[in-house]
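Here the sequence shown is numbered in this note's numbering, starting from 4 and rising by one per residue. C-beta atoms are modelled at their ideal positions from N, C-alpha and C, and glycine is treated no differently. Below: the structure, in structure tokens.
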Amino acid sequence: MNREVISTVSGLPFAYNLDLDVTRLVDGDGSNVDSEIIQGHLIYSFVVHHPTIFVELNAQDMIISNSKLLNLSGEIIAAEENSEIKVQNNENTNTYLFTFESTLPEEELKLELDFTYKLKNSPIGHYGSYQGGKRMCSTKFEPTFARLAFPCVDQPNSKAIFTIQILHTCDKIAVSIMPVQSMNTGLGEEGKWTKTIFQQTPKLSTYIVAWVVGEFEYIEGFYESVPIRIYTEKGMKLQALYSLTLVYKAIQILTEYTQIPIPLPKIDLIVVPKLKAGAMENWGLQTLLIDYQSSYSEKFGIANTIFHEFAHYWFGNFVTMVWWNELYLNEGFAVFFASYVQDKLQSNQDIWNISFNLLHLNPALEFDTQEDETHPIICPIVQAKDDDSIFDNISYSKAGVIIKMFHDKIGEENFKKGIRNYLQKHQYGNATTAVLQEALIEASGMQDLPLKMKSWLEKMKEKEDQIQIDEDKQTIWWIPITVIVKWEGINEVNYINIELEQKQMELQIIPPDPDKKLLWIKLNQDQKGYYRK
Numbered sequence: 004m005n006r007e008v009i010s011t012v013s014g015l016p017f018a019y020n021l022d023l024d025v026t027r028l029v030d031g032d033g034s035n036v037d038s039e040i041i042q043g044h045l046i047y048s049f050v051v052h053h054p055t056i057f058v059e060l061n062a063q064d065m066i067i068s069n070s071k072l073l074n075l076s077g078e079i080i081a082a083e084e085n086s087e088i089k090v091q092n093n094e095n096t097n098t099y100l101f102t103f104e105s106t107l108p109e110e111e112l113k114l115e116l117d118f119t120y121k122l123k124n125s126p127i128g129h130y131g132s133y134q135g136g137k138r139m140c141s142t143k144f145e146p147t148f149a150r151l152a153f154p155c156v157d158q159p160n161s162k163a164i165f166t167i168q169i170l171h172t173c174d175k176i177a178v179s180i181m182p183v184q185s186m187n188t189g190l191g192e193e194g195k196w197t198k199t200i201f202q203q204t205p206k207l208s209t210y211i212v213a214w215v216v217g218e219f220e221y222i223e224g225f226y227e228s229v230p231i232r233i234y235t236e237k238g239m240k241l242q243a244l245y246s247l248t249l250v251y252k253a254i255q256i257l258t259e260y261t262q263i264p265i266p267l268p269k270i271d272l273i274v275v276p277k278l279k280a281g282a283m284e285n286w287g288l289q290t291l292l293i294d295y296q297s298s299y300s301e302k303f304g305i306a307n308t309i310f311h312e313f314a315h316y317w318f319g320n321f322v323t324m325v326w327w328n329e330l331y332l333n334e335g336f337a338v339f340f341a342s343y344v345q346d347k348l349q350s351n352q353d354i355w356n357i358s359f360n361l362l363h364l365n366p367a368l369e370f371d372t373q374e375d376e377t378h379p380i381i382c383p384i385v386q387a388k389d390d391d392s393i394f395d396n397i398s399y400s401k402a403g404v405i406i407k408m409f410h411d412k413i414g415e416e417n418f419k420k421g422i423r424n425y426l427q428k429h430q431y432g433n434a435t436t437a438v439l440q441e442a443l444i445e446a447s448g449m450q451d452l453p454l455k456m457k458s459w460l461e462k463m464k465e466k467e468d469q470i471q472i473d474e475d476k477q478t479i480w481w482i483p484i485t486v487i488v489k490w491e492g493i494n495e496v497n498y499i500n501i502e503l504e505q506k507q508m509e510l511q512i513i514p515p516d517p518d519k520k521l522l523w524i525k526l527n528q529d530q531k532g533y534y535r536k
């Protein structure tokens, strides 16, 4: 696959030390937002594996200066001010290329630099907004917007640890994905600044790094010893009680299912305005856009959003897809487990077979018929700008339906065992469809699973009314079918489970009694298969 990527063959990131100055946030009517300049200092640590004179980082809409290269002892190897480093900006690829006079030693090195940019007003990258009449800033980095906030290798497969510190005015607080390690107050000439330093993160991808600075209050609870906080604008924290209860329940169900404790030492959710997607699964700091005054149906939607985002703690954050072409490994599983949690909490309602179909199956089937919009679940991502285009009903809803379809085929216990193996083997790392299938095969013994999944993941368009017809005349689709038969004079219905694995199949239905008439027959019980009967 051709990808617009940064090569990590010669330099693999392992740590970022990020120091941000956000003291220039301007309260008021928004007339002075052009003066909101963000200043940053970055120490980028990486390992050189092969001879090279280059280091390349993603960075967009910013100015980089004062770069220098150091070894782990802190000794300066090369400096931009001495013309030992040539820095080139490629706006087409959103990259900065650092070229050195001499070949880099094959060891751990540090690239230190300063950067500046203007805080954005649209909800991407590092952006500003107003809440309760006060100015705040927050982040939205998925899929490739971390490069708008700090220089980095902005790719999901380039995980690293992060140490973040933020300088801000004393009237605001800073929150990030890890707990606060220390706070230094009374800084600056007038003592109006505070520096908040956060604990070091585990290995994670750039798109789930996050921070928020503003005036907030919070409501707090605990799951075992892990603190859970929901931050709101001042005066609104009691409205978050419902959401706090949902978080607790989601954690309880998902930790039991995965058998993996919460991977971080704290959980924060924060309500922010202008959030484009409605929510973002930043690890340890989920950002939400919710209405404090909500109807029952809206509360159901809030619950589904919170459950979806918490599923990402394990599917997407703890284990991340290698590349955006397999986004379904994040989003499809989040869709599946959001409904799983809803189903466990509302046992008197058939969430799987009613709400799941309304929320996901029907929209996916409809979207999949749109020639200009549909695509395979696994699809090529050629350029970074294409990444955002696959956040749609295919990568989310259709993928969730297909996952549920194979869950039903494999069986609850085997599927659960396979998922646990998958998460354990690839914790804090990256994974592909192939390693997911390996874990499920090991748990179920279903050796032909990759073949059964192949057409559903790599081909597009749902199968129309006659499910035995294949549109492209080439692919054989594996289709699980439940047939329900009702005979005259018999109270019970008959269930027949078959698997269609050829172009056509003839099913002979024999009456229990020659005198009994066939009253009706129904395919696709509870719409568990991804097709229209």
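Contact check, residue i vs residue j, beta carbons under 8 Å
i, j, result
"isoleucine 393", "tryptophan 327", "yes"
"isoleucine 256", "phenylalanine 339", "no"
"isoleucine 56", "leucine 107", "yes"
"tyrosine 425", "alanine 437", "no"
"glycine 238", "glutamine 134", "no"
"isoleucine 211", "tryptophan 286", "yes"
"valine 90", "phenylalanine 103", "no"
"lysine 113", "tyrosine 47", "yes"
"valine 215", "leucine 291", "no"
"alanine 341", "asparagine 307", "yes"
"valine 404", "leucine 439", "no"
"lysine 302", "tyrosine 343", "no"
"leucine 21", "phenylalanine 153", "yes"
"leucine 443", "glycine 421", "yes"
Buried or exposed (CB count within 10 angstroms, at least 16 for buried), residue i
i, result
"methionine 508", "exposed"
"tryptophan 523", "exposed"
"proline 3", "The question about residue 3 has no answer here: the residues shown for the chain are numbered 4 through 536."
"threonine 188", "exposed"
"tyrosine 120", "buried"
"isoleucine 499", "exposed"
"methionine 456", "buried"
"aspartate 157", "buried"
"serine 76", "exposed"
"lysine 520", "exposed"
"histidine 53", "exposed"
"glutamine 203", "exposed"
"aspartate 37", "exposed"
"glutamine 345", "buried"
"threonine 372", "exposed"
"serine 161", "buried"
DSSP beta-bridge partners of residue i
i, result
"glycine 432", "Val322"
"arginine 232", "Glu223 and Asp271"
"glycine 217", "Ile176"
"methionine 537", "Given that the chain is displayed from residue 4 to residue 536, the structure contains no residue 537 and the question cannot be resolved."
"tyrosine 19", "Tyr47 and Phe165"
"glutamate 59", "Leu100"
"aspartate 3", "Past the edges of the chain, shown from 4 to 536, lies residue 3, and the structure says nothing about it."
N-terminal and C-terminal residue of the beta strand (DSSP E) that residue i is part of
i, result
"tyrosine 498", "497-503"
"glutamate 115", "111-121"
"threonine 197", "196-201"
"tryptophan 490", "482-490"
"histidine 52", "Neither: histidine 52 is in no beta strand (DSSP E) and is coded neither H nor E."
"phenylalanine 144", "Here phenylalanine 144 belongs to no beta strand (DSSP E), and DSSP marks it neither H nor E."
"glutamate 374", "Looking at the DSSP string, glutamate 374 is not in any beta strand (DSSP E), and its letter there is neither H nor E."
"isoleucine 66", "66-74"
"isoleucine 80", "79-82"
Under the three-state DSSP convention, the category residue i falls into
i, result
"glutamate 94", "coil"
"proline 383", "coil"
"leucine 257", "helix"
"leucine 362", "helix"
"isoleucine 472", "In this predicted model, isoleucine 472 has a pLDDT of only 39, less than 50, meaning its place in the structure is not dependable; the value taken from the coordinates is given anyway. Looking at isoleucine 472 - three-state DSSP - the assignment turns out to be coil, as it is neither helix nor strand."
"glycine 131", "strand"
"threonine 102", "strand"
"methionine 456", "helix"
"valine 250", "helix"
"leucine 207", "strand"
"leucine 526", "strand"
"alanine 314", "helix"
"glycine 191", "coil"
"methionine 4", "Model confidence at methionine 4 stands at a pLDDT of 34, short of 50, so the residue's coordinates are unreliable; what they give is reported in the following sentence. Looking at methionine 4 - three-state DSSP - the assignment turns out to be coil, as it is neither helix nor strand."
"valine 556", "Outside the shown range of the chain, which is 4 to 536, sits residue 556, and nothing can be said about it."
"lysine 89", "strand"
"tyrosine 533", "coil"
Residue range of the alpha helix (DSSP H) that includes residue i
i, result
"glutamine 345", "331-348"
"methionine 408", "402-413"
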